[in-house]
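Chains Z and S, in that order, are what the protein sequence lines are. Heads up: take any position in the first sequence, counting from 1, add 4, and you land on the working numbering. Heads up: take any position in the second sequence, counting from 1, add 4, and you land on the working numbering.
Number of protein chains: 2
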Amino acid sequence: MAEGLRERKKRQTRQYISDVATGLFLERGFEAVTVAEIAEAANVSVNTVYNYFPAKEDLFFDRSAGVADRLARWVRGRDAGESAARAVLRELRAEVEAVSPRVGLFEGYDRFMRVIHEAPALRSRLWSLQQEIHDTLEAALREETGAADGDPLPDLMAGQICWVHQAVFVTIGREMLAGRKPAEVSREALVLLDDIEDLLSEKVLNYAVRGAA
Amino acid sequence: MAEGLRERKKRQTRQYISDVATGLFLERGFEAVTVAEIAEAANVSVNTVYNYFPAKEDLFFDRSAGVADRLARWVRGRDAGESAARAVLRELRAEVEAVSPRVGLFEGYDRFMRVIHEAPALRSRLWSLQQEIHDTLEAALREETGAADGDPLPDLMAGQICWVHQAVFVTIGREMLAGRKPAEVSREALVLLDDIEDLLSEKVLNYAVRGAA
DNA sequence: CTAAAAATTTGGAGTTGTTGCAAAATTTCA
DNA sequence: TGAAATTTTGCAACAACTCCAAATTTTTAG
Numbered sequence: 005m006a007e008g009l010r011e012r013k014k015r016q017t018r019q020y021i022s023d024v025a026t027g028l029f030l031e032r033g034f035e036a037v038t039v040a041e042i043a044e045a046a047n048v049s050v051n052t053v054y055n056y057f058p059a060k061e062d063l064f065f066d067r068s069a070g071v072a073d074r075l076a077r078w079v080r081g082r083d084a085g086e087s088a089a090r091a092v093l094r095e096l097r098a099e100v101e102a103v104s105p106r107v108g109l110f111e112g113y114d115r116f117m118r119v120i121h122e123a124p125a126l127r128s129r130l131w132s133l134q135q136e137i138h139d140t141l142e143a144a145l146r147e148e149t150g151a152a153d154g155d156p157l158p159d160l161m162a163g164q165i166c167w168v169h170q171a172v173f174v175t176i177g178r179e180m181l182a183g184r185k186p187a188e189v190s191r192e193a194l195v196l197l198d199d200i201e202d203l204l205s206e207k208v209l210n211y212a213v214r215g216a217a
Numbered sequence: 005m006a007e008g009l010r011e012r013k014k015r016q017t018r019q020y021i022s023d024v025a026t027g028l029f030l031e032r033g034f035e036a037v038t039v040a041e042i043a044e045a046a047n048v049s050v051n052t053v054y055n056y057f058p059a060k061e062d063l064f065f066d067r068s069a070g071v072a073d074r075l076a077r078w079v080r081g082r083d084a085g086e087s088a089a090r091a092v093l094r095e096l097r098a099e100v101e102a103v104s105p106r107v108g109l110f111e112g113y114d115r116f117m118r119v120i121h122e123a124p125a126l127r128s129r130l131w132s133l134q135q136e137i138h139d140t141l142e143a144a145l146r147e148e149t150g151a152a153d154g155d156p157l158p159d160l161m162a163g164q165i166c167w168v169h170q171a172v173f174v175t176i177g178r179e180m181l182a183g184r185k186p187a188e189v190s191r192e193a194l195v196l197l198d199d200i201e202d203l204l205s206e207k208v209l210n211y212a213v214r215g216a217a
C-alpha cells in the first residue's frame, strides 16, 4: 500500500503539468509558450517537465493515448459476417451520430484545432500518429486474416481503411475550425461517410469478413 | 549581361553547399552532421547556409523540387477519354517499367532511404510533401472537373489517387532499403500496381474523364 | 522512531538549430 | 575610380533538449 502513494503523487504532478501546459497552449499558441514558462507555471523545474514528457509536443497530446489502436480494436471487434472496412464505417457512424467528443465533435474543439493548425511540430505529430494507426491496423489485419508474410494486401487494405478514418477526421477538424456547430458538422460528416463508402470497391468492403453464420 | 554573373555565382554556391551537405548526410546520417560542420566543409559561414536554406532539412531535399505537382501535372496531361486515376496509373507504370531514378529505382537509393529512415525530421518533411501533393492535385481536379465549391469529391478523389502514389513509393523505398536490386523491385512494383488498381472502385477509376471521342 | 536506501527533483553547464542585427567584404554600375 | 547595392560574416541571443552530480523527498528496515 505504501508504494501506491508515490505512484499517485507522480501521476498527479504529471497530470498537473500537462493541464497547465495545455491551458497555456490554448491561450497563446504552441510555439509562443516556452517550456521554461510551463515549468514555472506548474511550480516545477524544467528538468522535471522533461522527466515526464520526452518532448514539448507530448505535453499537448497527452490526452490522446489509446487512439493509436482504435481502428485495430474496431476491426478486432467486428460482428460475425462483417468485414473490416464495414466495421470501421459502422463505428465511425456511431461516433459521429452520437456527436462524440472522441471524434472532435464538441464545443471548443476549434481552439484545439487552431493550436495544431499553427504549429508544424504538432501537425507532424499527427502524421506520426496516423502512421502508428496504420501499422497497428495492418498487424491486426494480418493476424485476423492469417495472410502470408509476403502478402501486400493487409498493407493496402490498412491504407484504404485509414484513408476513410482520416478523411472523416480532417473534414470534422476543418469544419470545426471554421466555427461550425458540432451538431451541424455531425450531419455533414454522416453525408460524407456515405460518399466515402460509395468510393470503396467491393474488394475493400468485403476484406477480412469474420467467418460465422 | 553583367547581372547574370552574380546570379550564376549564387546558384553555384547554393548547389555546392547542398552537395557537400548531402555527401556528409549519406556518410554519417542526418542528425550526426551539424550545420556548423556543413558550413565549414563548404568554406562558408553558418549564416550563409541559412541564407540559402530555411532549415537543415532543406539541404537534404533540395533535389526534390518539382515533385509536389507531379500528380497534378500527370492528371492535367491525361489522354482524351482517360480518367485522372488511370492517367496516374499509366504514368506510374511507365516510370516503374523504365526503372526510372525518379521513382527511386537506382543503385544507391537505399543510402538515401537509410538517412531518411533514421531521421524523424526528414520523415516529417516527406509527410509535409505528401500534403502538398494532395493539395495541388485536389486543386487540379477541382479545376478540371469544374466541381462546385462545397463538393467533397475532389478532396476524396485526390486522397485515393495520392494513396496509390504513396503505396507505390513506400513499397519501393522499403524494398530498396532491404537491399534489393532496382530491376527486381521494378517487377515487384508492377505486380503491386495491378493489385492496387484492383482495389480501386469504378467510381474512382472513372472520375474526371477527359471529354473527347 | 530513526537512519540508511531508493527514487525524485533540481541546478548548472553544454550542444544544436535558428534568428536578428550591424559591420565587413564583394560585386555592380555610373 | 568611387558610390550603391548585395552578399557574407561575426556576434549575441533564444529555445529545445541532454547529461551529470548534488540536494531533497519518500520508502523501508531495524
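Beta carbons are placed, not taken as given, at the ideal position from N, Cα and C, and that holds for glycine.
Using a threshold of 8 Å, state whether the C-beta atoms of residue i and residue j are closer than that.
| i | j | result |
| --- | --- | --- |
| Z:A40 | Z:V50 | yes |
| S:L196 | S:T175 | yes |
| S:L141 | S:I165 | yes |
| S:L181 | S:R127 | no |
| Z:A171 | S:L160 | yes |
| S:E122 | S:G33 | yes |
| Z:W167 | S:W167 | yes |
| Z:A144 | Z:V79 | yes |
| Z:L203 | S:S205 | yes |
| S:D199 | Z:P156 | yes |
Go through its chain and collect everything with a Cβ distance to residue i's Cβ below 6 Å, but skip five positions before and after it.
| i | result |
| --- | --- |
| S:R115 | L30 |
| Z:R146 | P158 |
| S:D73 | T140 |
| Z:F3 | Here chain Z covers residues 5 to 217 and nothing more, so residue 3 of chain Z does not appear. |
What's the call for residue i, buried or exposed, on a 16-neighbour Cβ count within 10 Å?
| i | result |
| --- | --- |
| Z:Y113 | buried |
| S:V24 | buried |
| S:L9 | exposed |
| S:T38 | exposed |
| S:M5 | For S:M5, the pLDDT reaches just 39, beneath the cut-off of 50, and the residue's location in the model is therefore unreliable, leaving the point undetermined. |
| Z:Y20 | exposed |
| S:R90 | buried |
| S:S190 | buried |
| Z:R129 | buried |
| S:A98 | exposed |
| Z:G154 | exposed |
| Z:A36 | exposed |
| S:G163 | buried |
| Z:E179 | buried |
| Z:A88 | buried |
| Z:R82 | buried |
| Z:V53 | buried |
| Z:F65 | buried |
| S:G177 | buried |
Give me whichever residues DSSP pairs with residue i in a beta bridge.
| i | result |
| --- | --- |
| Z:L204 | S:L204 |
Run down chain Z in chain order and give the residues with a C-beta less than 7 Å from the C-beta of residue i.
| i | result |
| --- | --- |
| S:D202 | K207 |
Grab me the residues of residue i's own chain with a C-beta within less than 8 Å of its C-beta, minus the 5 sequence neighbours each way, in chain order.
| i | result |
| --- | --- |
| S:E86 | R94, V213 and R214 |
| Z:H169 | L75, V92, L96 and I137 |
| Z:L48 | First, the amino acid is wrong: residue 48 of chain Z is Val here, not Leu. Excluding residues within five positions, the ones whose Cβ falls inside 8 Å are T17 and I21. |
| S:G183 | D114 |
| S:L28 | V37, E41, I42 and A45 |
Note down, in chain order, every chain Z residue with its Cβ under 9 Å from the Cβ of residue i.
| i | result |
| --- | --- |
| S:A91 | Ordered by position in chain Z, no residue passes the 9 Å Cβ test against S:A91, which lies about 18 Å from the chain. |
| S:L196 | P156 and L160 |
| S:D199 | P156, L157 and L160 |
| S:S49 | Near S:S49 there are no residues of chain Z at all, since even the closest Cβ is about 26 Å away, more than 9 Å. |
Report the neighbours of residue i on chain Z: residues whose CB is nearer than 8 Å to its CB, in chain order.
| i | result |
| --- | --- |
| S:A171 | D159, L160 and G163 |
| S:W167 | G163, Q164 and W167 |
| S:W78 | What S:W78 touches in chain Z: nothing, since even the nearest Cβ is about 20 Å away. |
| S:T68 | It should be pointed out that residue 68 of chain S corresponds to Ser in this sequence rather than to Thr. In chain order: nothing, as chain Z lies at least about 18 Å away. |
| S:S104 | None at all; the shortest Cβ gap to chain Z is about 21 Å. |
Just the chain S side, please: which residues come within less than 9 Å of residue i by C-beta, in chain order?
| i | result |
| --- | --- |
| Z:D23 | What Z:D23 touches in chain S: nothing, since even the nearest Cβ is about 27 Å away. |
| Z:S87 | Within 9 Å Cβ-Cβ: nothing; Z:S87 doesn't reach chain S, min ~13 Å. |
Residues in its own chain within less than 7 Å of residue i by CB, not counting five upstream and five downstream?
| i | result |
| --- | --- |
| S:P186 | V103, L109, F110 and E111 |
| S:A217 | Any reading at S:A217 needs caution, since the residue's pLDDT is 49, under 50, leaving its predicted position unreliable; the model's value is listed next. There are no such residues. |
| S:L124 | First, the amino acid is wrong: residue 124 of chain S is Pro here, not Leu. Around S:P124: no qualifying Cβ. |
| Z:R106 | E99 |
| Z:L209 | S87, A89 and R90 |
| S:E201 | L93 |
| Z:E192 | E179 |
By the criterion of Cβ-Cβ separation under 8 Å, what are the contact partners of residue i in chain S?
| i | result |
| --- | --- |
| Z:S190 | Simply none; closest approach about 15 Å. |
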